[in-house]
Structures are given as C-alpha cells and as structure tokens.
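A short worksheet on the structure shown next.
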Amino acid sequence: MQYTLHWMPKDTIFFVTILVVSGGFMAYYFMSKSEKLKNSFARKFGAEKTQVRWVVFERLLGVLFFGIIPLFSVSIFFEKGVFNYGISLDNMVTSLCWILGLSPLLITMNYFNCKKEDNLAMYPQIRVSEWNTQLLLLSAFSWIAYLLAYEFMFRGYLLLSQLNI
Numbered sequence: 010m011q012y013t014l015h016w017m018p019k020d021t022i023f024f025v026t027i028l029v030v031s032g033g034f035m036a037y038y039f040m041s042k043s044e045k046l047k048n049s050f051a052r053k054f055g056a057e058k059t060q061v062r063w064v065v066f067e068r069l070l071g072v073l074f075f076g077i078i079p080l081f082s083v084s085i086f087f088e089k090g091v092f093n094y095g096i097s098l099d100n101m102v103t104s105l106c107w108i109l110g111l112s113p114l115l116i117t118m119n120y121f122n123c124k125k126e127d128n129l130a131m132y133p134q135i136r137v138s139e140w141n142t143q144l145l146l147l148s149a150f151s152w153i154a155y156l157l158a159y160e161f162m163f164r165g166y167l168l169l170s171q172l173n174i
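Numbers in the numbering used here are just positions in the sequence shown, counted from 1, shifted up by 9.
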C-alpha cells in the first residue's frame with residue numbers, strides 16, 4: 010500500500026470539519042459556562058430576566074456554533090452542498106413514523122422521571138413563577154433551533170463529511 014504526503018481535497022474536508030466542530034464546541038462550552046458573561050447579563054437585566062435570557066442565549070450560542078458556522082463552512086469549503094450533510098426532507102415520512110412510534114415510549118419514560126430530584130434540578134431550565142404564551146413559544150422555538158443545529162453538527166456535518174475519507 011502506497012501512502013502519499015500530498016495534500017488532497019478530502020484532507021481539507023477532514024481538517025475543516027475537525028477544526029469547526031472542536032473550535033465550535035469549545036467556544037460554545039466556555040461562553041455558556043462563563044460566570045463573567047452571566048454576571049454581565051445579571052447587571053444589565055436583573056435576576057429574573059437574566060434567568061430567561063441566559064437560557065435562550067445558551068441555546069442561541071448552540072445554534073451559532075453547532076448550526077450556522079458549520080453550514081457556512083460546508084458552503085465555502087465543501088464541493089457537495091448542505092443537502093449531502095443531513096439537511097433534507099426526502100425521508101420525512103420515515104422520520105415521522107419513527108417519531109410517532111417512539112413518542113409513547115418517551116412520554117412514558119419522561120412521566121416517570123419528571124418528579125425525580127436529579128431531573129428537577131436540571132429541568133425546567135427556565136425557572137420563572139409564571140409562564141405566558143410568549144415565554145412558552147420562545148422556549149419551544151429556541152429548543153427546536155438548538156436541537157436542529159446540534160443534530161446537524163454531530164449527525165450531519167461531523168458524521169457524513171467523514172464517510173468519504
């Protein structure tokens with residue numbers, strides 16, 4: 010077997026992917042855990058507003074570092090478009106079947122776990138005395154955006170970009 014030390018196009022894909030995922034995850038982690046940044050939120054918005062805004066800020070950081078930046082790197086460095094990295098509606102019916110099939114199991118599991126102390130220590134992330142429709146929608150859509158970005162980065166960008174290497 011012959012090995013070459015010449016830079017190949019697939020090397021760029023590997024290097025860019027690892028750099029974007031590693032750098033993005035570290036940036037997300039250190040920014041979302043920064044007490045200095047969180048304290049600046051507290052000084053600016055007050056205690057209760059900070060709690061809500063900080064959670065949404067963490068999720069939007071995830072959208073930026075796990076979704077938007079990897080999408081830009083695909084469009085700049087990769088020959089294939091974003092539809093080759095997990096962004097597609099082609100398997101919508103199959104996905105919907107899996108979602109509907111697993112939902113009863115997940116709902117049952119969550120029902121039995123929801124009152125446990127370790128679960129209550131973490132969820133709900135937004136802890137306010139009264140939820141209104143606007144807050145509910147903000148929480149739901151920020152979660153959806155975060156999870157879509159997270160899934161794209163790990164299952165689409167990181168996994169599918171490495172298949173041809």
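Don't be surprised by glycine CBs; every beta carbon is placed ideally from N, CA and C.
Check, Outcome
"Apart from the five residues on each side of it in sequence, which residues of its chain come closer than 7 Å, Cβ to Cβ, to A158?", "G71, V72, F75, G76"
"How close, in whole Å, do the beta carbons of G33 and I78 come, if the pair is a contact with beta carbons under 8 Å?", "6 Å"
"Quick one, are the C-beta atoms of L169 and N119 less than 8 Å apart?", "no"
"Going along the chain, which residues of its own chain have a beta-carbon closer than 8 Å to the beta-carbon of F50, five neighbours each way excluded?", "T59, R62, W63, F66"
"Report the rounded CA-to-CA distance for S104 versus Q11, giving the unit in angstroms.", "42 Å"
"What do you reckon, are the CB atoms on F23 and Q171 nearer than 8 Å?", "yes"
"For Q171, which of helix, strand or coil comes out of DSSP?", "coil"
"Around the Cβ of T13, are there at least 16 other Cβ atoms within 10 angstroms (buried) or fewer (exposed)?", "exposed"
"Express the C-alpha separation of S84 and S151 in angstroms, rounding to a whole number.", "24 Å"
"For V83, does the three-state DSSP call read helix, strand or coil?", "helix"
"How big is the Cα-Cα spacing for F39 and R136?", "23 Å"
"Please list the terminal residues of the continuous alpha helix (DSSP H) segment that includes R68.", "56-72"
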